[in-house]
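Quick note on full-length UniProt numbering: the sequence shown kicks off at 1 and runs consecutively. All residues carry an ideal CB built from backbone N, CA and C; glycine is no exception. Contents: one structure, followed by commentary.
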Amino acid sequence: MTILMEKPELVSQSDFQNHADESKELVLDGGFPVPKSLSGEGFLAPEINSFGNSFRDYNAESERQKSVEEFYKQQHVNQTYDFVQKMREEYSKLNRMEMSIWECCELLNEVVDDSDPDLDEPQIQHLLQSAEAVRKDYPNEDWLHLTALIHDLGKVLLLPKFGGLPQWAVVGDTFPLGCAFDEANIHHKYFKENPDYNNPSYNTKNGIYWDGCGLDNVTISWGHDDYMYLVAKENGTTLPSAGLFIIRYHSLYPLHTEEAYMQFLNDEDKENLKWLRIFNKYDLYSKSKVAVDVEKVKPYYLSLIEKYFPAKLKW
Ligand SMILES: [Fe+2]
Ligand SMILES: [Fe+2]
């Protein structure tokens, strides 16, 4: 799918960083300032998260910081190429439950994400805050509103009826397996204890992949992104390819924010990445204490769910 983008203009990482040095404006995730077109009109980005630190500041001396680092240690040691194959096979069966998208939004309220240094609120508020912020700035892209609403639904994997997976198998930034762990990955040092680290098939730059192979051919660490992608795809969603791409790769920070692993992208991935980068701003900045009135916006989202999904999905 070719996407024509009217706004905002995406600039390279170095452009972002130079700009940040000059203007000292709000810096997010990975040292990126918010482009003016996003931080201005309508969408007011908070400068600090619920814990009083700047967003995704993994080095902040916060209570949360140590547990986040411990989380990444476990994730980096345990997520291996073989582990992901097993999880994909198991969860592709979609034999755990039948429910609607909205029912899953409500179910997600029971979940807290330990890996996230910014968020200590019910998940449904994060879903609605990001969806409503996107809706305000891109009123005609209804698929993007719905994508924002459902992007984190895969976190139900933490609940007992979905296998009660440990946090390291559900949340946190994701990364490719089957090739070398790029240093752009958060807390990279812990990969040294990953069994794949010393596997000669997996520890070269491209590993088992090749330039332009397409992200669809690359195994990414298992978590809520890939699970929700499987659920949406196997239940026959009519969301466009960019929506599925956002759901599947929104935690792939080393790629969409640090520009690592870019050699694997094909032409369709490159188009979809533009939308993912737009979405990411809303995923980060909508994490705030401004609550959305659920009952008020519910009819709108139910109409989108009806447009793009069957009434009941297999999970
Ligand atoms: Fe997520
Ligand atoms: Fe999110």
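For the alpha helix (DSSP H) that residue i lies in, which residues bound it at each end?
i                 : result
glutamine 123     : 123–137
phenylalanine 245 : 241–249
tyrosine 209      : Tyrosine 209 -> no alpha helix (DSSP H), and no H or E assigned at all.
aspartate 225     : 224–234
phenylalanine 264 : Where phenylalanine 264 is concerned, there is no enclosing alpha helix (DSSP H), given that its DSSP letter is neither H nor E.
leucine 255       : 253–256
Starting from residue i, follow its DSSP beta bridges and name the residues at the other end.
i              : result
glutamate 98   : Lys314
isoleucine 278 : Answer is none; isoleucine 278 lacks a bridge partner.
threonine 219  : Leu177
Smallest Cα separation from residue i: which of the options?
i                 : options                           : result
serine 197        : Asp211, Tyr209 and Asp182         : One point to set straight first is that residue 197 is tyrosine, not serine, in the sequence displayed. Comparing Cα-Cα distances from tyrosine 197 to each of Asp211, Tyr209 and Asp182, the minimum goes to Asp182.
alanine 242       : Leu158, Leu144 and Pro166         : Leu144
phenylalanine 162 : Lys192, Leu94 and Ala148          : Leu94
leucine 252       : Gly207, Arg277, Glu271 and Thr237 : Arg277
glycine 172       : Pro160, Ser62, Ala180 and Asp152  : Asp152
leucine 146       : Arg96, Lys312 and Glu306          : Glu306
serine 67         : Glu234, Gln167, Asn140 and Asp82  : Gln167
glutamine 75      : Thr237, Leu255, Met262 and Ser221 : Ser221
isoleucine 186    : Leu107, Tyr308, Leu302 and Lys73  : Lys73
valine 218        : His256, Tyr261, Leu313 and Asn194 : Tyr261
glycine 214       : Val156, Pro122 and Phe245         : Phe245
glutamate 259     : Arg248, Glu268 and Leu273         : Leu273
valine 156        : Arg96, Ala131 and Glu268          : Arg96
phenylalanine 279 : Ala133, Ser62 and Tyr81           : Ala133
tryptophan 210    : Leu149, His224, Tyr229 and Ala180 : Ala180
asparagine 203    : Thr80, Pro299 and Pro122          : Thr80
valine 290        : Glu98, Leu127 and Glu106          : Leu127
proline 160       : Glu110, Phe191 and Asn194         : Glu110
alanine 184       : Leu255, Asp293, Ser62 and Val294  : Leu255
proline 200       : Leu177, Phe71 and Leu284          : Leu177
aspartate 293     : Val77, Ser100 and Ala131          : Ala131
glutamate 70      : Cys105, Ser92, Cys104 and His188  : His188
methionine 228    : Ala148, Asp142, Phe175 and Gln129 : Ala148
histidine 250     : Thr174, Lys205, Leu313 and Tyr285 : Thr174
arginine 88       : Leu265, His224, Lys296 and Asp269 : His224
residue 392       : Lys86, Val84 and Gln263           : In the structure as shown, the chain begins at 1 and stops at 315. Residue 392 is therefore absent and cannot be evaluated.
leucine 304       : Ile150, Met99, Gln65 and Phe83    : Ile150
For this session: Collect the residues with a C-beta less than 6 Å away from any heavy atom of ligand 2 and give them in sequence order along the chain.
Result: Every residue with a CB closer than 6 Å to a heavy atom of ligand 2 is listed here in chain order: His126, His151, Asp152 and Asp283.
For this session: Could I get the ranges of all uninterrupted alpha helix (DSSP H) runs contained in the region 283–308, with 4 residues as the minimum, in chain order?
Result: Counting whole runs of 4 or more residues, the region 283–308 contains the alpha helix (DSSP H) stretches 294–308.
Exercise. Of all the beta strand (DSSP E) runs that stay within the bounds of the region 135–206, which reach a length of 3 or more residues?
Worked result: none
Exercise. Counting only runs that start and end within the region 67–94, where is the alpha helix (DSSP H) found for 4 or more residues in a row?
Worked result: 81–91
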